[in-house]
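Right, one structure below, let's go through it.
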Amino acid sequence: MIEPRIGVYVCHCGTNIAGVVDVAEVSKWASEHLKGRGVVISRDYKFMCSSLGQELIEKDIKEYRLNRVVVAACSPHLHEATFRTATKSAGLNPYLTEMVSIREQDSWVHTDKIAATNKAKAMISGGVERVRYHEPLEPLHVPIHPATLVVGGGIAGIQAVLELADAGQKVYLVEREPSIGGHMAQFDKTFPTLDCSACILTPKMVSVGKHPNVELFTWSEVTNVEGYVGNFTVNIHKKARFVKEDICTGCSICQEKCPKKVIDDVFEAGLGYRKAVYTPFAQAIPNYPVIDKENCTYFQKGTCRACEKLCPTKAIDFTQEDQDISIQVGNIILATGYDLFDSRRIPQYGYARLANVFTSLEFERLSNSAGPTGGKVVLRDGVTEPKTVGIVHCVGSRDKNYNNYCSAICCMQSLKFAHLVEERTGAEVYNFYIDIRTPAKDYDEFYQRVLEEGTIFIRGKVAEVTDAARMAGEEGKIIIQVEDTLMGKQRRIPVDMVILSAGLEPRRDAKAVAKLFGISCSSAGWVIEKHPKLDPIATMTDGIFIAGCMQGPKDIPASVAQGAAAAARVLGRIQQKEIALEPIRATVNETQCSGCRICNNMCPYNAILFHEDRAVSEVNPALCQGCGTCIAACPAGAISGTGFSNEQVMAQIEGLLLLNLEAEPA
Amino acid sequence: MSANSKPKFAMYWGASCGGCEVAVLNTHEKILDIDANFDVVFWPVAMDAKYKDVEAMEDESILVTFYNGGIRTSENEHLAKLLRRKSKILVAFGSCASEGCIPGLANLYSKNELFNTVYAQRDGCSTVNPENIRPQQNWDAPEGSIQIPEFYSILRPINQVVDVDYYLPGCPPESERIAEVVDLVIQVIRGEAALPPKGSVIGAGASTVCDECKRSRNVKTIKKFVRIQDFMPDPSMCLLEQGIVCNGPATRSGCGALCPSAGAVCIGCYGVAEGVIDYGARMLSAVSSVIDSRNEKEIEKIIEGIPDPAGMFYRFSLASSLLGASKSAWHDKE
Amino acid sequence: MKQRITIDPITRLEGHGKIEIFLDDEGNVANTHFQIPELRGFEQFVVGRQVEEMPLITNRICGVCPEAHHMAAAKAIDAVYHVDPPPTAKKLRELLYMAFYVTDHTTHFYALGGPDFIMGPDAPVAERNILGVIHKVGLETASKVIQARKNGHRVIEIIGGRKVHPCTSIPGGLTKGITEDERSEIEKIGRSSIEFAQFTLKLFDEIVLKNKAYVDLILGDAYEHKTYYIGLVDDNNKINFYNGKVSVVSPDGERIGKYAPSEYREWIEERVEPWTYLKFPYLKKVGWKGLVDGKDSGVYCATPLSRLNASDGMATPLAQEEYERFFDTLGGKPVHKRLATHWARLVELLYAAEHLVELATDPEITSDNFRTIPKEKPTEGVGIVEAPRGTLTHHYWTDERGIVTKANLIVGTTNNYAPMSMSVKKAAQSLIKKGTIATEGLLNMVEMAFRLYDPCMSCATHSLPGQMPFEVTIRGADGQVIDVLRQYC
Amino acid sequence: MEEQQQFEPKIIGFTCNWCSYRAADLAGISRTKYPPNVRLIRLMCSGRLDPTFVFKAFSSGADGVLISGCHPGDCHYVDQNYKTMRRFALMEKMLVQMGFEQGRIKLVWASAGEGLQFAEAVTGMVETVRKLGPLDWHIRGQSNGHLTKELLLKEDVV
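Residue numbers (numbering that gives the first Met the number 0), protein chains in the order written: chain U, 0 to 665; chain F, 0 to 333; chain R, 0 to 488; chain V, 0 to 157.
This is the structure in structure tokens:
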């Protein structure tokens, strides 16, 4: 180790630190007591992060030939980058800097000034001992493959695809369903502007469908992901459609002629029917159908083949088989969306027991002009118009028995429903809410409008939805039992129709998907972003981005924004052509490695590979994310880590406990 | 050439079992090499030692001393210091001198606990001691007072009392390794080789026992820990993968994986791997990391399969570990 | 101003000793204290360990006879688990044990005890060591000796997994068996061991028995003690090192009983003295009368000589011949002349070699039925084997998980602590008269007295770490130091 | 008076970079008070925590060790904190075997949002360890087991 020459800089942060910690004393102490440990100069300054503060460091580095820097100020999460840059511009490797958080961890949390000052000394002593073992680190550069994979053909995914494709980059889009479009395609109107969902979505779908830079895989799923940022190898499993895509014209004769009717649980939310050979909806992209094997008479009984006979272009091919396609991409954007909360889980709300209790998605189909009722809002019998309608908010949301979180879209959705019911049936509408949340642009105005339209708002969590009539006027009705918290009394509201504004939930297979792509979800199942505020569309895994509801409940504008943002991030990457990775990595010393294979299942990124021939393990630096779990696990001490080495941590421990003072002079 | 013009060699045992001496005798013909190349000035087990001569020797007049055995008493400490003074190169020979070895397990108990167990009358044991006598450092016999050395509260490897040049691990070191070291020293004397850097471990491999173990290995996940008497292990497969705690992964190579090859677990006598600070920490971390459960309760259950972690992970290295001894040993009240 | 002479120390015993000699007014020996100054505490720190580790942990009591501790512990843990190993396992263990006896007795005769005779008591100390022996008996013999040790350790390695501190014994048997190739290698070794044993006996004949001075020395009373003798014997009361009951005979040669391992506490007790770390075992039935000879003193001896005295013969033909010659030459049983122990050791060497071949040629020996998996809950168990330096007893208690809760160990050399003390005292008495200043030769006699027991202090100090600096201090009646004979090894 | 006399334990805390360290940051930002006895060390992940660090802390004079990471299932490195969970269980078992009292070592899960919980955990632990009293391991570590006068003196100054 070359003789360390360390500069210590104690920040006042105005009075944030200086108000509690005697910074002058601390700096003096460091220069006196840590001299023997390599501290050449120690200063305190009002705002170290200010340009003057940074220049101070740069000047000292040159003047005192410093080769290590310790900055005692705020949390490294705020200013580590700042001071690394400062060190760098003075010609020193940025990783020879160490930050000590005497604000968040000292002055802000302690009141006893003496104790806080002593703690600051100990913390700096720890930082000094640690920085002695810092090494100059060079970021790792890996080339970026220009193609991108987008998973999920909902609005967020579509937006991302178009941004990238229009920018001239190759994009692969993988969608599980026969058509792209996602939930948005099921809606009739979109809040708050009430423009028709299809009218604004279909053009985008079409341009995805025929974009020269887009390769579309519907009725397909990603089954394997290997590699790392810049060059992922992805396997796509393409289910057999039994329709020759190249010659099908989408004339839909097969759908008309197919004798087998199937209840459509997916697109029509169970309200309508489709055939065994089908496209989910008229404007489907791609618009050639799929044959659903489970329901196709030919596949089940071996007879029929009506579609085959009647297809004008002979596009039907029962012999088609599933395919696996392997593609190379540099980045991946995940936009797999959400599932609707299953209202059956709240039995007291009567869904699936009481015919005229509908879910939000069912109502979307009811009110959709392309839906099963052609947009007529009627009861299950398909004819009767409701006279009174109750809309229940927060179904499965903000409820510790189901989901603690707010699903974000239900308020606006419910308001939209209230308006549509009012508009289509003139029925009397009740909204049962806990709070009304209309924060975004023009949202509250929409709320005002619905209020003016005469919708009745009752503040209270609905206790029960029942058909058990107890008093006059309740017979044949559905009664909503609620405590009106504004009137402070229990009320029973008889209605004809109930709409449950069900919350949003992570996809049932969210955890599996996260594992597949090596990213992490919260215990709820929403993907954890790299930083909740400053980097909401990146994940901990380099090269994997997220957009839309996968990251958390959100509405269409937010999803679109994220789709575009993710695409922008990827485009930036592609333009750089290569990417620099944080040089915090683990490496295996092959002479010391005994090939015991303890570490082999320590890595969630599969960065550790075992060479059978030499019987040693090796860490792939591009895949390694630097968590250090394998280092701690290696029984032979054969794995070492940069940035958080054993030496650094052990030294910091001694420093924090002031053992270094006994060791003095080094 | 006359004896005293040859470089001087000494071998001495501290708190040891004699196995190291036997291991040296087991170099067989090499003993003759030692005789031929060295003036053996002090080797109690093999020849008449002239202690007063050793005392009289000039400091650093012995070229190499193999010191085996740990420091348990004042006498051990005295001799370790004496031989350090007299020797140019002091080799901590074997596990006891290097890391405390099995006798270091005594550091799990206090001196008093230990004395009581050994000397007090106990149910079902053979000691009869109605007056509850304990050995006295100083005792007045009718004819006069006689002494025995002070017994320290803990056992220490020699590097905790003297400066050590090299470490030769193993309980005992394998004779082949000893022979290699003897050859090395001879080469150094002849100027045909250079000494390794001070503090190096000599006569051992650079990796761990698994490196020399022939058993087949796989990615490890452990659902249940078992003990050798519970079942008939697969003779060709990694013992740890079969749920038996084998210390091979953490133990320095050099023995040739003798025990695992003989169907027994590695118990760790070759000590820590290169650069490792605390042997037990390595074993503990490695073994627990591969436990196949994410459930706290289930993990507790699985860990019941390791009834004696301190004994199993510090079998040979407790005295040289970071903690060194149990709290009761440190806080032993005199 | 007192006269003070420091004389070169006693050596060549595995471990060390410290002797205090007090003189009376006439300058004759008034009392001696043979002290053992250290403690390791195995009995304490095996507590809490997994009982199956006992053969691995307790064989670190002694690196000179780890095989003995390994076996005693192995038999104890069999008992703890109430499991009976299959015949093959028992035979393999005993086979290993015979090989061990061959090397151990060889080592002692040529490296430790032998030099006194081979070089002669009056030979210059510098030559009275294994290297001296090599020079005297010639390289050819030397290489024979080396080869013999090598062979023995080879067998130990084949069966025990390692040359020192074997590792293969587990509750109910062994972790491995042996192949036919290994067997035949062992058989070869066995046969050459027999030759070597005979060769050694011949050497002893020529160098010792044909040398009047030595014979007189042996038959002289300087090394005579009339004590009890114990030793492990089989059902026919023939010597057995690995299995059987412990036979106890009185100073006049009458067998007063035989005890099974589990009964040891009815026979043996240990006494604590304040001036030494080592305990004194004695015969419970007779009782402790201090360090004295005779029928009324519970002091007993457990050495090769004791085993010959305590048995009715050897189980192998050639050894039986030697056995008879031994007692014929020395005037019948029991032989109290301690120096005869060296000869007795060679008789045992021959038996071990013969039995080694017997076992190596046993049809069962290569069977792969080398372990029985225990079914019962572990509780408590005693294991006894005959270590070269005396009867070795391991006793463990465990909880239902097989974790050791208590341990009691009575180790080879410990058995002989009392007789050793007595021999040293007696030698001192006969060699220090009227304060005559001991010369080197005289002092060596004390060494010989000590050495014939082949005391393994690492063993004896199982409750002590092996280190035991040996220091003889001679004090006048006034307690003043007259003389210090010191050695540190 | 009593204030001055009461024993102030030294506690070393290990946090992961993503949850618990940010929880500590949040405690600061929201000015949540806790006793100054804890000194934190940042690791990238609680999975990096090598038991060596814990033993080192104790043998260097710490009276307690706090280990904290993201909640199980919330790990920023997918599932590394489960390894922490396993290691901690065995480590605690071994330390207890070596005479450590329950509470000298503590595992706390804290998400980036749980500044308050983090502060409470620290406060609770400081109280526990204060009751347990000093460990002074490193002082004894330099001795043959007997505390000499010099060492006892040293014990006072440290």
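Ideal Cβ placement from N, Cα and C applies to all residues, glycine included.
Listed along chain F, the residues sitting closer than 7 Å to Q96 of chain V by beta-carbon distance are P308 and A309. If the five residues before and after C598 of chain U are omitted, its C-beta is found closer than 6 Å to the C-beta atoms of I607, S616, C629, A632 and C633, all from its own chain and listed in chain order. Between the beta-carbon of V45 of chain R and that of A386 of chain R there is about 18 Å, and that puts the pair past the 8 Å contact cut. When only Cα atoms are considered, Q428 of chain R and M447 of chain R end up about 14 Å apart. Annotation for W28 of chain U: the continuous alpha helix (DSSP H) segment containing it runs V22 to H32. Scanning its chain for C-beta atoms nearer than 7 Å, with the 5 sequence neighbours on each side dropped, one finds around E98 of chain F the residues P156, G270, F315, S316, A318 and S319, in chain order. Under the Cβ distance rule, L656 of chain U counts among the residues neighbouring chain V, one pair being separated by less than 8 Å.
Taking 8 Å as the cut-off, the Cβ atoms of G12 of chain V and V37 of chain V count as close. For Y322 of chain R, the uninterrupted alpha helix (DSSP H) segment begins and ends at P316 to L329. In this structure R47 of chain V does not touch T14 of chain V by the C-beta definition: roughly 11 Å separates them, more than the 8 Å allowed. Under the 8 Å criterion on CB atoms, T335 of chain U is classed as non-interfacial with respect to chain V. In this structure N131 of chain F is exposed. Its beta-carbon is surrounded by fewer than 16 other beta-carbon atoms within 10 angstroms. Between A71 of chain R and V384 of chain R, the alpha-carbon positions lie close to 5 Å from each other. Around the beta carbon of A557 of chain U, 16 or more other beta carbons lie within 10 angstroms, which makes this residue buried. By the Cβ neighbour-count rule, Y63 of chain U is exposed, with fewer than 16 other Cβ atoms within 10 Å of its own. For I243 of chain F, there are no neighbours in chain V by C-beta distance under 8 Å, as the nearest C-beta there is about 16 Å away.
For C409 of chain U, the enclosing alpha helix (DSSP H) has its first and last residue at C409 to T424.
For D495 of chain U, no alpha helix (DSSP H) encloses it, and the DSSP letter there is neither H nor E.
Boundaries of the beta strand (DSSP E) harbouring S219 of chain U: S219 to Y227, taken from the DSSP string. For A632 of chain U, the enclosing alpha helix (DSSP H) stretches over residues T628 to A632. Of the other Cβ atoms in all chains shown, fewer than 16 fall within 10 Å of the Cβ of D162 of chain F; this residue is therefore exposed.
Looking at the DSSP output, T147 of chain U bridges to U:V170 and U:N330. Nearest CB-CB separation between Q624 of chain U and chain V: below the 8 Å threshold. As DSSP reads the structure, A537 of chain U sits in a beta bridge with U:F544. Proximity of the stretch 333-352 of chain U to the stretch 183-201 of chain U falls short of the contact definition, fewer than three beta-carbon pairs being nearer than 8 Å.
Among the CB atoms of chain F, one or more fall inside 8 Å of the CB of M601 of chain U. Burial state of Y227 of chain U is buried, judged by a 10 Å Cβ sphere holding 16 or more other Cβ atoms.
Taking C-beta atoms as the reference points, V464 of chain U and V388 of chain U fail to come closer than 8 Å. Among the residues of chain V, those whose CB is under 7 Å from the CB of I290 of chain F are R85, following chain order. Counting along the chain, L62 of chain F sits inside the beta strand (DSSP E) bounded by residues I61 to N67. Beta-bridge partners of I638 of chain U (DSSP): U:V587. As the crow flies, the alpha-carbon of F241 of chain U is around 8 Å from that of E320 of chain U. Burial is judged here by how many other beta carbons sit within 10 angstroms of a residue's own beta carbon; V328 of chain U has at least 16 and is buried.
The residue from U:M47, U:I179, U:E214 and U:P211 with its alpha-carbon nearest to that of L200 of chain U is U:I179.
The beta carbons of R4 of chain U and V39 of chain U sit about 5 Å from each other, so the pair counts as a contact at 8 Å. Counting only runs of at least 4 residues, the stretch 79-104 of chain F fully encloses the following alpha helix (DSSP H) elements, listed from N- to C-terminal order: 93-98.
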